[in-house]
Amino acid sequence: GEDVEQSLFLSVREGDSSVINCTYTDSSSTYLYWYKQEPGAGLQLLTYIFSNMDMKQDQRLTVLLNKKDKHLSLRIADTQTGDSAIYFCAESIGGSYIPTFGRGTSLIVHP
Amino acid sequence: IAGITQAPTSQILAAGRRMTLRCTQDMRHNAMYWYRQDLGLGLRLIHYSNTAGTTGKGEVPDGYSVSRANTDDFPLTLASAVPSQTSVYFCASSDSASGPTDTQYFGPGTRLTVL
Numbered sequence: 038g039e040d041v042e043q044s045l046f047l048s049v050r051e052g053d054s055s056v057i058n059c060t061y062t063d064s065s066s067t068y069l070y071w072y073k074q075e076p077g078a079g080l081q082l083l084t085y086i087f088s089n090m091d092m093k094q095d096q097r098l099t100v101l102l103n104k105k106d107k108h109l110s111l112r113i114a115d116t117q118t119g120d121s122a123i124y125f126c127a128e129s130i131g132g133s134y135i136p137t138f139g140r141g142t143s144l145i146v147h148p
Numbered sequence: 062i063a064g065i066t067q068a069p070t071s072q073i074l075a076a077g078r079r080m081t082l083r084c085t086q087d088m089r090h091n092a093m094y095w096y097r098q099d100l101g102l103g104l105r106l107i108h109y110s111n112t113a114g115t116t117g118k119g120e121v122p123d124g125y126s127v128s129r130a131n132t133d134d135f136p137l138t139l140a141s142a143v144p145s146q147t148s149v150y151f152c153a154s155s156d157s158a159s160g161p162t163d164t165q166y167f168g169p170g171t172r173l174t175v176l
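Chains as they are written, first to last, in this note's numbering: chain P, 38 to 148; chain C, 62 to 176.
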């Protein structure tokens with residue numbers, strides 16, 4: 038099965054919160070990442086979390102990690118149209134920091 | 062400072078032809094990577110290089126080769142292109158592959174169509 042799984046689409050209204058979910062299979066994951074890809078562009082690292090952390094907050098972004106359930110989420114508060122993009126969950130394992138990516142979740146923000 | 066550049070932006074190629082995708086970074090990063098992005102499959106690592114003179118295979122290396130003669134350049138070659146290699150190709154670089162804060166910086170991508 039997939040190492041990193043995400044739902045493919047999420048649609049939210051402008052101003053609402055968005056929650057993008059991800060599950061991973063390898064319990065030895067060391068770091069988990071969220072990347073953003075805007076249309077026609079490459080990926081940009083948004084944030085990452087070490088596997089011994091439960092939560093990380095950075096301005097409008099909140100990352101929650103449930104290590105028991107191998108579940109990672111990205112919450113975007115006050116979602117704006119500029120947040121419309123594809124969001125990739127990724128993990129790296131052990132001594133390698135080369136991330137393995139999920140398929141990406143397309144976030145659509147509508148007025 | 063350009064960061065990381067890729068050429069060409071897009072290319073249509075006949076099956077069986079040889080093609081080299083170029084990637085150059087001016088950040089003096091040690092590590093460089095090639096990914097392909099396919100609809101519904103996310104990004105898959107083709108090859109990587111931790112430092113000039115070394116390369117390694119990723120998840121989907123077959124049909125591709127790379128070289129790393131210097132720090133700045135990391136070309137990806139398709140020796141004999143096949144239609145299944147139709148994809149968007151992203152080059153990335155990072156200061157090293159030894160820590161999570163060694164952020165990967167991505168190029169703008171090359172859209173390749175093999176007919």
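Virtual Cβ for every residue (Gly too), placed ideally from N, Cα, C.
- In the DSSP annotation of this structure, the continuous segment of the beta strand (DSSP E) that includes L83/P starts and ends at L80 to F87.
- Residue contact with chain P for R105/C: present (Cβ-Cβ distance below 9 Å to some residue of chain P).
- Chain order gives no chain C residues near F46/P, where near means a beta carbon separation below 8 Å; the closest approach is about 11 Å.
- In its chain, beyond the 5 residues on either side, D40, V41, A127, E128, S129 and I130 have a beta carbon closer than 8 Å to the beta carbon of T137/P.
- Of all residues in the segment 78–97 of chain P, only A78, G79, L80, Q81, L82, Y85 and F87 come within less than 8 Å of chain C when Cβ atoms are compared, listed by chain position.
- Within chain P, G77, A78 and G79 have C-beta atoms less than 8 Å from the C-beta of P169/C, given in sequence order.
- Our two residues, V146/P and A75/C, have alpha carbons roughly 39 Å apart in a direct line.
- DSSP places T118/P in the helix class (H, G or I) of the three-state scheme.
- Between N58/P and L111/P, the alpha-carbon positions lie close to 7 Å from each other.
- Here K104/P is not bridged, per DSSP, to any residue.
- Per the DSSP secondary-structure output, A68/C pairs in a beta bridge with R83/C.
- As DSSP reads the structure, M93/C sits in a beta bridge with S110/C and S154/C.
- At a cut-off of 9 Å between beta carbons, T137/P contacts chain C.
- The continuous beta strand (DSSP E) containing Q94/P extends over residues M92 to D95.
- Contact between F125/P and Y68/P fails: their C-beta atoms lie close to 14 Å from each other, not under 8 Å.
- Counting only residues of its own chain and dropping the five nearest sequence neighbours on each side, R89/C has a CB closer than 7 Å to the CB of T132.
- In this structure the segment 150–158 of chain C lies against the segment 167–174 of chain C, because at least three pairs of beta carbons, one per stretch, are closer than 8 Å.
- When DSSP states are grouped into helix, strand and coil, Q98/C belongs to the strand group.
- The beta carbons of Q146/C and L139/C sit about 6 Å from each other, so the pair counts as a contact at 8 Å.
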